[in-house]
Structure formats: C-alpha cells, structure tokens
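One structure below.
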Amino acid sequence: MRLDRELACRDIVELVTGYLEHALPPGDRERFEEHLVFCDGCGTYLDQMRATIAATGRLEPAALPAELEARLLEAFRGWRPA
Ligand SMILES: [Zn+2]
Numbered sequence: 049m050r051l052d053r054e055l056a057c058r059d060i061v062e063l064v065t066g067y068l069e070h071a072l073p074p075g076d077r078e079r080f081e082e083h084l085v086f087c088d089g090c091g092t093y094l095d096q097m098r099a100t101i102a103a104t105g106r107l108e109p110a111a112l113p114a115e116l117e118a119r120l121l122e123a124f125r126g127w128r129p130a
C-alpha cells in the first residue's frame, strides 16, 4: 500500500501488521510513526498489539478481546482531524 497523505486512525489499524513485521515502505513507516506522535488512541493500540504478539508469539488482530476493541473505539472517538 502506498499513501501520499497523512494517515487516519483507520489506516493505522490497516498498517499495524506491516509495521510490526517491518514490512512497510520507509515513507509509510515514517507517516505511521508521525501519527503515533499525536494520537494516543493509536499509541495504545500499537502497545496492545505488541503485548498480544509478546503473549502469543504471533500477530492475530482478529483475536483482540471485544473489551479491548471497545476501548479502542472509545479512544478513536475522541480523535478529530486537525
Ligand atoms: Zn490514530
């Protein structure tokens, strides 16, 4: 995937697997990290993904607990584009 704009939270969710697998092109990786600087919700999401990988040894976004998903949606709701 190639993006030439700022990322939205939705994009972060789509790119997080590639990010954690170091599979993103440098430009996308840079924008991903820029988004994390100002977005607490996605920072939390990334931390949770890392914790999930540490616990299970693999990437399994679909296995995110419903309670966590609800918290993330709550966090994203508070975010508005500048
Ligand atoms: Zn975000």
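With this note's numbering, you'll find the sequence shown wraps up at 130, consecutive numbering, no jumps. Ideal placement from N, C-alpha and C gives every residue a C-beta, glycine not left out. Just so you know, these numbers come straight off a predicted model, no measurement behind them.
What are the uninterrupted segments assigned as alpha helix (DSSP H) that are 4 or more residues long and contained completely in the segment 52-92, given in chain order? The alpha helix (DSSP H) runs lying completely inside the segment 52-92 and spanning 4 residues or more are 57-68, 74-86, given in chain order.
Cα-Cα separation, Thr104 to Arg98: Approximately 10 Å between the Cα atoms of the pair.
Rounded Cβ spacing between Arg77 and Glu54 (contact assumed at less than 8 Å): Contact doesn't hold; Cβ gap of about 14 Å is too wide.
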